[in-house]
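A.B. asks:
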Amino acid sequence: MNKKLTIAVTGLNNIDSPGPGVPVIRGIKDSNLDVRIIGLAYENLEPGIYMPGLVDKTYLMPYPSTGSEAFLERLSYIHSKEKIDVVIPNFDSELYLFIKFDDELKKMGIRTFLPTLEQFEERHKSNLPEFAEKYDIKVPESIALTSIKDLNDLPKPLVFPYWIKGKFYEAFKVTDSSQAKYYFNKLSAKWGLPVVIQQSIYGTEVNVIALGDGEGNTVAAVPMRKQYITDKGKAWGGITIEDERMLEITRHIIKSTKWRGGMELEMIKTEDGEYYLIEINPRIPAWVYLAVGAGQNIPEMLCKLAMGETVKPINTYKNGVMFIRYSWDLIGDISDFEKIVIFGEL
Amino acid sequence: MSKLNSLAISDNGFIFKPSTGESFTTNELGLHIIHLLKENKSTNEIITEITREFEIDKLTASRDLDEFLDLLKRENMV
C-alpha cells in the first residue's frame, strides 16, 4: 500500500480505565503504513489529544447519545477537512452507530472493519447464555435484569459472590444483597438497562485479542494472562502465554460467527483446566500493544483489511512478552486546551 | 519430564511457565535438581549427585528433594 492513509481513531482516553485509541495508534505507527492520524475525542481532557507525536489533528465528537444526526454531521464535517480513509472506533458505546451507519460512511468514502449488527448484538453481555448455547461454549450462569426487584428472585444456580455488570462497562463483585442493590442502581443509572448478573467463577483471568476477516478466518490471535489488575478490573500488567485451548476456542468462535473485526475474549481458567467465557468485547482492547510487541500488529492488519487488502493470517507470537502500564504527567499549554474547548479542534 | 521441558529456566533460577504466564524462583539446589530431572535421573541418582555437589548428608538431600518434587507437582510442572 503506497498511498498515504488518513486514519481516524477514537478512544484517546488513556486513563486508569484506558480506551484502546493510543495503543492502536502506536501499533499503526510501528507499521510500514504511511499515515496521517486523526484523533476523535469525546472529552476535551482525553490525554491522547495532548500526547506529543501521537495524533496529527484531533476533533471533538458529540456523544453517541446525542443522536445519529449530530454524529454523522460532525463526522461529515471532519471528513470534508481530512478525507478520512479508515475510521477505527474503540468504544463499545459508539460501535452501534458506526455499525448502523456503515453504508453511509462507505458512501462518504470512509471505510471501517467492524462486526455486523447481528454479530454485535448477539454477543452482548445480556445475550451471552444464548450465544453460548448456539456456539457450544461454556459460560458462567448469568441473567439480564431490568428491575431491581428481580435481585430477590434470582434463579437457583446464582449464588453470592456474583458479578453485577453494566450494559456497556463496569462490573462489581458483590457478596450480599445490599451491595447488589447499591451497584444495580449505580450501573443502571450510568449505563441503562439491563444490568447483568453473572456467577463468579474462581480461577485465573485470561484474555485473547483476535482479529477475524469476516469469512470465518482468524487472522490474528494472542492470549494473555492478567498479572496486575486494578480496582476497576483492568489489566495494568499482563503477559502473553502459550495456551492452545484458548486459541481453539477463539478460532471456533470466529469461524462459527464469521466474525469481522477486532475482538477480545475474556475468560476464566479454573484450576481444573476448564475455560469459562465471561465476555466478548466487539473491538480491539486497550492492551493491544502487547500483541504488537509479541509479533502481531493487529491495528495494522485491521487497517489493511478495511482497505480491502488480503491479509495473511499470523499464527505465531512470542510468549512471555509483558506489558506494564504507567501514568505520566504531561505538561501542556492552556492555549491547546483553549483550542479544543472553543473550536473543538487541535 | 515433558512438562519440565516446556519451562523456560534461566541460570539465575528464574522459571517461566509459558502455558500459564506464571513465574517462580528457585535456588541453586532447585535448579540443579531440575537439570537432573530433565536428564531423566532416578531419585537415588539425584540424591547421590546433590549429596556430593552440595556437601549435605543423604537424609537432608532426600528431604530437600521430596519437598522440591512436591512443589513441582503442586504447580503442575512435572
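Quick note, the sequences are listed as chains A and B, same order. For the numbering used here, count along the first sequence from 1 and bump the result up by 117. For the second sequence, counting from 1, position 35 maps to 30 in the numbering used here; every step adds exactly one. Using N, Cα and C, we set each Cβ at its ideal position, and we do this for glycine too. Nothing here was measured: the structure is a model prediction, and the numbers come from that model.
Residues of chain B with CB closer than 9 Å to the CB of A/ARG342, please, in chain order.
C.D. replies: To locate residue 342 of chain A, count along the first sequence from 1; it is residue 225. Within 9 Å Cβ-Cβ: THR15, GLY16, GLU17.
A.B. asks: Below 7 Å on C-beta distance, what does A/ASP360 contact in chain B?
C.D. replies: Your numbering for residue 360 of chain A matches position 243 in the first sequence. Under the 7 Å cutoff, chain B gives SER14.
A.B. asks: Hey, is A/GLY437's beta-carbon within less than 7 Å of any beta-carbon in chain B?
C.D. replies: Locating residue 437 of chain A in the first sequence gives position 320, where the first residue counts as 1. Closer than 7 Å to some Cβ of chain B, the Cβ of A/GLY437 qualifies, so yes.
A.B. asks: Is there contact here, the region 289 to 299 of chain A with the region 268 to 277 of chain A, by at least three beta-carbon pairs under 8 Å?
C.D. replies: The region 289 to 299 of chain A vs the region 268 to 277 of chain A: in contact.
A.B. asks: Against B/PHE11, what residues of chain A qualify as contacts under a CB-to-CB distance less than 8 Å, listed in chain order?
C.D. replies: Position 16 of the second sequence, counted from the start, is the residue given in the question as residue 11 of chain B. Those within 8 Å of B/PHE11 in chain A are GLY437.
A.B. asks: Bridge partners of A/ALA125, per DSSP?
C.D. replies: The residue given as residue 125 of chain A occupies position 8 in the first sequence. Answer is A/ILE155, A/VAL204, bridged to A/ALA125.
A.B. asks: So, helix, strand or coil for A/ILE166, using DSSP?
C.D. replies: Stepping through the first sequence from its first residue, residue 166 of chain A is reached at position 49. A/ILE166: helix per DSSP, three-state reduction.
A.B. asks: Do the region 168 to 177 of chain A and the region 447 to 463 of chain A meet, that is, are 3 or more Cβ pairs less than 8 Å apart?
C.D. replies: With the cut-off at 8 Å, the region 168 to 177 of chain A and the region 447 to 463 of chain A touch.
A.B. asks: Where B/GLU62 and A/ILE281 are concerned, what is the direct C-alpha to C-alpha distance, given to the nearest angstrom?
C.D. replies: Within the second sequence, residue 62 of chain B is the residue found at index 67, counting from 1. Within the first sequence, residue 281 of chain A is the residue found at index 164, counting from 1. Their backbone Cα atoms lie some 42 Å apart in a straight line.
A.B. asks: With 9 Å as the limit, tell me which residues of the region 311 to 326 of chain A have their beta carbon closer than that to any beta carbon of chain B; keep them in chain order.
C.D. replies: Listed by position, the residues of the region 311 to 326 of chain A near chain B (Cβ gap below 9 Å) are THR321, VAL323.
A.B. asks: Can a CB atom of chain B be found closer than 7 Å to the CB of A/ILE356?
C.D. replies: On the first sequence, residue 356 of chain A is found 239 positions in, with the first residue counted as 1. A/ILE356 counts as touching chain B.
A.B. asks: Anything in the region 25 to 56 of chain B with a Cβ closer than 7 Å to a Cβ of chain A? List those residues in chain order, please.
C.D. replies: For the region 25 to 56 of chain B, which is checked against every Cβ of chain A, not one residue is closer than 7 Å.
A.B. asks: Between which two residues does the alpha helix (DSSP H) containing A/LYS421 stretch?
C.D. replies: The residue given as residue 421 of chain A occupies position 304 in the first sequence. Unbroken alpha helix (DSSP H) run through A/LYS421: 415 to 423.
A.B. asks: Using DSSP with H/G/I as helix, E/B as strand and the rest coil, what is A/GLU190?
C.D. replies: For the purposes of this step, residue 190 of chain A is taken as residue 73 along the first sequence, with counting starting at 1. A/GLU190: helix per DSSP, three-state reduction.
A.B. asks: Which residues in the same chain have their Cβ closer than 6 Å to the Cβ of A/MET363, if we skip the five residues on either side of it in sequence?
C.D. replies: Numbered from its first residue, the first sequence carries residue 363 of chain A at position 246. Cβ within range, chain order: VAL325, PRO340.
A.B. asks: Please go through the same chain and pick out, in chain order, the residues whose beta-carbon is closer than 8 Å to the beta-carbon of B/ASN22, but skip the five residues on each side of it.
C.D. replies: If you number the second sequence from 1, residue 22 of chain B lands on position 27. Around B/ASN22: GLY8.
A.B. asks: For A/TRP353 and A/THR335, I'd like the C-alpha separation in whole angstroms.
C.D. replies: As a position in the first sequence, residue 353 of chain A is number 236, starting the count at 1. As a position in the first sequence, residue 335 of chain A is number 218, starting the count at 1. If you take the alpha carbons of A/TRP353 and A/THR335, they lie about 26 Å apart.
A.B. asks: Between A/VAL312 and A/GLY144, how many whole angstroms is the CB-CB distance? I'm expecting something under 8 Å.
C.D. replies: Taking the first sequence and counting its residues from 1, the one referred to as residue 312 of chain A is at position 195. Taking the first sequence and counting its residues from 1, the one referred to as residue 144 of chain A is at position 27. So it is not a contact: roughly 34 Å between Cβ atoms.
A.B. asks: To the nearest angstrom, how far is the alpha carbon of A/SER317 from that of A/GLU287?
C.D. replies: The sequence position of residue 317 of chain A within the first sequence is 200, counting from 1. The sequence position of residue 287 of chain A within the first sequence is 170, counting from 1. So the two alpha carbons sit approximately 15 Å from each other.
A.B. asks: Can you give the Cα-Cα distance for A/ALA125 and A/LEU157, rounded to whole angstroms?
C.D. replies: The count along the first sequence starts at 1 and reaches residue 125 of chain A at position 8. The count along the first sequence starts at 1 and reaches residue 157 of chain A at position 40. Each residue's alpha carbon lies about 7 Å from the other.
A.B. asks: What are the start and end residues of each continuous alpha helix (DSSP H) run of 4 or more residues lying completely inside the region 330 to 388 of chain A, in chain order?
C.D. replies: DSSP runs (the alpha helix (DSSP H)) wholly in the region 330 to 388 of chain A: 361 to 374.
A.B. asks: Within 10 angstroms of the Cβ of A/GLU131, are there 16 or more other Cβ atoms? Answer buried if so, exposed if not.
C.D. replies: Along the first sequence, read from residue 1 onward, the residue named residue 131 of chain A stands at position 14. Strictly speaking, residue 131 of chain A in this sequence is Asn, with Glu absent from that position. Buried.
A.B. asks: Could you please give the first and the last residue of the uninterrupted alpha helix (DSSP H) stretch that includes A/LEU297?
C.D. replies: If you number the first sequence from 1, residue 297 of chain A lands on position 180. A small correction: the amino acid at residue 297 of chain A is Ala; Leu does not occupy that position in the sequence shown. Start and end: 294 to 308.
A.B. asks: Does the separation of the CB atoms of A/PHE285 and A/ASP348 fall below 7 Å?
C.D. replies: Along the first sequence, read from residue 1 onward, the residue named residue 285 of chain A stands at position 168. Along the first sequence, read from residue 1 onward, the residue named residue 348 of chain A stands at position 231. No, the pair does not count as a contact, with Cβ atoms beyond the cut-off.
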